[in-house]
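Protein chains: 2
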Amino acid sequence: MDRMTEQELTDDVVARFGNTPDERLREVMQALVRHLHAFAREVRLTDDEWMAGIQFLTATGQISDNVRQEFILLSDTFGLSMIVDMINHSSDTAGVTEPTVLGPFYVPGSPERGFGESMIEFEDDGEESIVSGRVLSADGTPIAGAVIDVWQNSANQFYAVQQPDVQPPTNLRGIYRSDDEGHYAIRTIRPTPYPIPADGPVGAMLVATARHPMRPAHLHVKASAPGFRSVATHVFDNRSEFLDSDPVFGVKDSLIVEFNPGDDGLLHCEVDFVLDPS
Amino acid sequence: MDRMTEQELTDDVVARFGNTPDERLREVMQALVRHLHAFAREVRLTDDEWMAGIQFLTATGQISDNVRQEFILLSDTFGLSMIVDMINHSSDTAGVTEPTVLGPFYVPGSPERGFGESMIEFEDDGEESIVSGRVLSADGTPIAGAVIDVWQNSANQFYAVQQPDVQPPTNLRGIYRSDDEGHYAIRTIRPTPYPIPADGPVGAMLVATARHPMRPAHLHVKASAPGFRSVATHVFDNRSEFLDSDPVFGVKDSLIVEFNPGDDGLLHCEVDFVLDPS
Chain A
-2 MDRMTEQELT
8 DDVVARFGNT
18 PDERLREVMQ
28 ALVRHLHAFA
38 REVRLTDDEW
48 MAGIQFLTAT
58 GQISDNVRQE
68 FILLSDTFGL
78 SMIVDMINHS
88 SDTAGVTEPT
98 VLGPFYVPGS
108 PERGFGESMI
118 EFEDDGEESI
128 VSGRVLSADG
138 TPIAGAVIDV
148 WQNSANQFYA
158 VQQPDVQPPT
168 NLRGIYRSDD
178 EGHYAIRTIR
188 PTPYPIPADG
198 PVGAMLVATA
208 RHPMRPAHLH
218 VKASAPGFRS
228 VATHVFDNRS
238 EFLDSDPVFG
248 VKDSLIVEFN
258 PGDDGLLHCE
268 VDFVLDPS
Chain B
-2 MDRMTEQELT
8 DDVVARFGNT
18 PDERLREVMQ
28 ALVRHLHAFA
38 REVRLTDDEW
48 MAGIQFLTAT
58 GQISDNVRQE
68 FILLSDTFGL
78 SMIVDMINHS
88 SDTAGVTEPT
98 VLGPFYVPGS
108 PERGFGESMI
118 EFEDDGEESI
128 VSGRVLSADG
138 TPIAGAVIDV
148 WQNSANQFYA
158 VQQPDVQPPT
168 NLRGIYRSDD
178 EGHYAIRTIR
188 PTPYPIPADG
198 PVGAMLVATA
208 RHPMRPAHLH
218 VKASAPGFRS
228 VATHVFDNRS
238 EFLDSDPVFG
248 VKDSLIVEFN
258 PGDDGLLHCE
268 VDFVLDPS
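Residue numbers (the working numbering), protein chains in the order written: chain A, -2 to 275; chain B, -2 to 275.
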């Protein structure tokens, strides 16, 4: 009697998912089986490695709770979140602002801030800065009344949402709007690097693979306007450490900008957000 | 400025694992990234599907505990456990007994049973049977003193280890030895189908993909002898339901046998175990 081959087993498992009533679920499950088996077969996964994987995934689920989501962190540190982001949110239109990961620290309902108004509500040693520019359509037309939803961490490394007993809840976040010529202006601090949570299974994985947990300095921005596809992106400081080794792979060249000292004693950073008509 | 492509992102993530000090860990992680990204890119994974996956994996970790291991069950139902078993335990030698999944119900230290002694210690409505045959080397030479470690479920569907308050702990398990001509004989009941645990995330996955949780009837056997590679396998009853749809993909044609009535009022099943010299 012929022995079953590995390929026959893979084919059998793929076929078993063939009765899945939902066509899209069927497609996703069958592809997942093929790629998962291809991985195990390519590396000749050992019993011990398989068990280490089982234990790693179990620990990743068990450390997660309402606040901490270690599987999202795992997805981020494997670049999976960025791939999904590119698949779903990239534009084919030239010049449109590139998206990047939303991250876990977005809080909806930030306070409305006036043109150039400060969103600093907590004293740290951050360098005061003006981030400004225009919101434009892909053809260069200014977009009036666009919404710029901004959030960033304090110079103490934490976002306000991580320190409810230390920072005011609306520190360093705000909703700005572009004026009639598409201009916007945000008064804030220069962003600083900070570590992703590294005391769990994902942190252990970073150590074992000689990676560090420090994200390069950035502001988060969600830019949107009626009639345009909104974009969730980052503004990275070109003098930040870690730009070449962001643990969540969020850096894209087009998102890196410069903070320069101005005559007013503040740093100034100029960045336009270009939206795709929807 | 050129937009980053999906392939560039995948390459970047693979390269980031390139500093992993342990060579084997580096190989495994880089392959995992390639296959995981290839999956997401092939199916064009949506934001909602990604989040459903995050939530499924989190629930799978959180339902697991010291007794229940839902990630192993997930691996089993994706055929991954069987692939790993084939990678690590298949023999290239013709005629050697094929391995299959160990399963979660193996308990070491079963009682020694004499030749043909019964391992039935609990009354259920199982049909009494003799399972017998020989333990052989791949060249047909009988192996004397081989160890046959056997375990199976009761006709009430449960293994003794699952019902500490109902069944004696050593019901339907035992260690048998082959005699000088390699013969062994086990007195037991004919095995019956039973469901894998289906009240968690894996059960929900089976429902969504129109699969059932019933394993076809089988005995578990670990056969070993000094100087030979041991094998963990199953003996499947050829009249069992579900042979074509084992939820954990453990069935191989060569492991299916027949239970036939004998003059002694018992069922008889003949099966040889053929071991590979190590």
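Note that beta-carbon positions come from the ideal geometry of N, C-alpha and C, so glycine has one too.
- When DSSP states are grouped into helix, strand and coil, residue 234 of chain B belongs to the strand group.
- Residue 174 of chain A is positioned such that its CB atom lies closer than 9 Å to that of residue 109 of chain A.
- Of all residues in the stretch 26 to 55 of chain A, those with a C-beta nearer than 7 Å to a C-beta of chain B are 26, 28, 29, 30, 32, 33, 34, 35, 36, 37, 38, 39, 40, 41, 42, 43, 44, 46, 47, 51, 54 and 55, reading in chain order.
- If you compare the alpha carbons of A:40, A:42, A:137 and A:12 with that of residue 29 of chain A, the shortest gap goes to A:12.
- With a cutoff of 9 Å on beta-carbon distance, residue 47 of chain A and residue 242 of chain B are scored as not near each other.
- Counting only Cβ-Cβ distances below 9 Å, residue 18 of chain A has contacts in chain B at 205, 206 and 207, in chain order.
- Ranked by Cα distance from residue 122 of chain A, the first of A:129, A:264, A:138 and A:153 is A:153.
- Beta-bridge analysis with DSSP links residue 109 of chain B to B:172.
- At a beta-carbon threshold of 9 Å, none of the residues of chain A lie near residue 109 of chain B; the nearest stands roughly 27 Å away.
- Taking 9 Å as the cut-off, the Cβ atoms of residue 217 of chain A and residue 99 of chain A count as close.
- By the rule that beta-carbons nearer than 9 Å mark a contact, residue 138 of chain B does not touch chain A.
- Setting aside the 5 residues that flank it on each side, residue 60 of chain B is surrounded in the same chain by 67, 197 and 198, each with a C-beta closer than 8 Å to its C-beta; the list follows chain order.
- For secondary structure counted as the alpha helix (DSSP H) over 4 or more consecutive residues, the stretch 188 to 214 of chain A holds these complete runs in sequence order: 198 to 205.
- If you check the CB distance, residue 127 of chain B and residue 265 of chain B come in under 9 Å.
- Per the coordinates, the alpha-carbon of residue 77 of chain A lies some 28 Å from the alpha-carbon of residue 169 of chain A.
- Contact annotation: residue 0 of chain A and residue 219 of chain B have beta-carbon atoms that are not nearer than 9 Å.
- For residue 130 of chain A, no alpha helix (DSSP H) encloses it; the enclosing beta strand (DSSP E) starts and ends at 125 to 134.
- Each residue's CA atom was taken as its position, placing residue 273 of chain B and residue 228 of chain B some 9 Å apart.
- Close to residue 1 of chain A, with beta-carbon spacing below 8 Å, are these residues of chain B in chain order: 83, 95, 249 and 250.
- The continuous beta strand (DSSP E) containing residue 144 of chain B extends over residues 144 to 148.
- Contact note: residue 9 of chain B reaches chain A through 76 and 246, using a C-beta cutoff of 8 Å and chain order.
- The CB of residue 24 of chain B comes closer than 7 Å to the CB of 40 in chain A, given here in chain order.
- For chain A, none of the residues of the stretch 154 to 167 of chain B brings a beta carbon within less than 9 Å of one of its beta carbons.
- Residue 262 of chain A and residue 151 of chain A have their C-alpha atoms some 20 Å from each other.
- Closest in alpha carbon position to residue 27 of chain B, among A:37, A:20, A:27 and A:22, is A:37.
- Distance check between residue 205 of chain B and each of A:14, A:39, A:193 and A:114 places A:14 closest, using alpha-carbon atoms only.
- Taking a Cβ-Cβ threshold of 9 Å, none of the residues of chain B is close to residue 211 of chain A; the smallest such distance is about 13 Å.
- Taking C-alpha positions only, residue 179 of chain B is separated from residue 155 of chain B by approximately 31 Å.
- If you draw a straight line from the Cα of residue 31 of chain A to the Cα of residue 211 of chain B, it is about 24 Å long.
- Scanning chain B for C-beta atoms nearer than 9 Å to the C-beta of residue 57 of chain A yields 54, 55 and 58, reported in chain order.
- At least one C-beta of chain A is nearer than 9 Å to the C-beta of residue 14 of chain B.
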